[in-house]
Each structure stands twice: as C-alpha cells, then as structure tokens.
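Below is one structure, written out as structure tokens; the observations come after it.
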Amino acid sequence: MVIIPKQCKIIWFCSLHRKMKNDLRTMLQGVIGKSRGQLVQILYPKCNQQVDSWECGFYVMCWIKTIIRAVITDDWNERFKTTSPIAEDTINQIRQEWTAYLLQRWS
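Each residue of the sequence shown is one higher than the last, beginning at 82 in our numbering.
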C-alpha cells in the first residue's frame with residue numbers, strides 16, 4: 082500500500098489480487114480523509130500475481146524497488162500494467178540483494 086496523504090490517495094497492491102477490506106478502508110478514510118474533509122481515492126493498479134504462498138514479501142520488495150528507482154509519484158495505472166508473475170530469477174536477485182545488504186549492515 083502506498084499512501085499519499087496530500088492527495089488523499091491510496092495505491093493498493095496485492096499479489097493475490099484482493100481488494101482492500103472495508104474495515105481497513107474505513108479506518109484509512111477516518112485517518113487520511115477526515116482531516117482533509119475529502120473521500121480517500123483508492124487505486125487498484127494491475128500488479129503481478131504471485132504463484133506460490135511464500136512469495137508475497139518478494140513481490141512487495143520488488144514493487145518498492147521499482148517505485149523508488151523509477152521515482153513513481155503518479156500515473157500508477159499506467160506504470161503497473163501486468164498481472165503476470167514475477168520471474169523466478171528476479172525473485173532470486175531480490176533475495177541476493179537483501180541478503181548482501183543485511184550481511185553488510187549487521188556483520
């Protein structure tokens with residue numbers, strides 16, 4: 082989930098392609114929208130759909146990396162257009178990058 086308070090906007094990514102639950106939506110509306118007197122806009126861009134049950138964390142890390150490196154701040158539906166799974170070699174690369182980072186950070 083990406084929250085953009087100034088725009089009263091939430092970008093919802095789910096590798097299982099589930100919509101945001103109503104109780105979470107209501108809570109976020111109260112926190113973000115109420116202070117601005119606006120309805121929160123929730124965008125559901127097409128995003129990669131995971132194949133296995135253990136992959137969701139890697140999908141999140143991949144999307145974070147994409148958003149930061151490409152400096153994505155708008156046009157979410159234009160930037161995220163595919164529902165195909167993330168390639169296994171990409172997941173392995175993410176695993177290696179995080180392992181190297183954590184070992185460097187805490188060794």
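Cβ atoms here follow ideal geometry from the backbone N, Cα and C, with glycine treated the same way.
Predicted, not measured: the structure shown is a model, and the values here were computed from it.
Specify, as a first and last residue, the run of the alpha helix (DSSP H) that residue i falls within.
i, result
"K146", "C137 to R150"
"Q174", "E169 to W187"
"N158", "W157 to R160"
Using 8 Å for Cβ pairs, my map puts residue i next to residue j. What's the rounded Cβ distance?
i, j, result
"W93", "M108", "W93 to M108, Cβ: 14 Å. No contact."
Between which two residues does the beta strand (DSSP E) carrying residue i extend?
i, result
"I84", "V83 to I85"
"I153", "Neither: I153 is in no beta strand (DSSP E) and is coded neither H nor E."
"Q122", "Q122 to L124"
Do residue i and residue j have their C-beta atoms within less than 7 Å of each other?
i, j, result
"S96", "C137", "yes"
"V121", "C89", "yes"
"I85", "F139", "no"
"N129", "I167", "yes"
contact_flag[the segment 122-138, the segment 89-102] where n(CB pairs < 8 Å) is 3 or more: yes
contact_flag[the segment 157-166, the segment 126-145] where n(CB pairs < 8 Å) is 3 or more: yes
Contiguous alpha helix (DSSP H) assignments of at least 4 residues, all confined to the segment 90-119: 103-109
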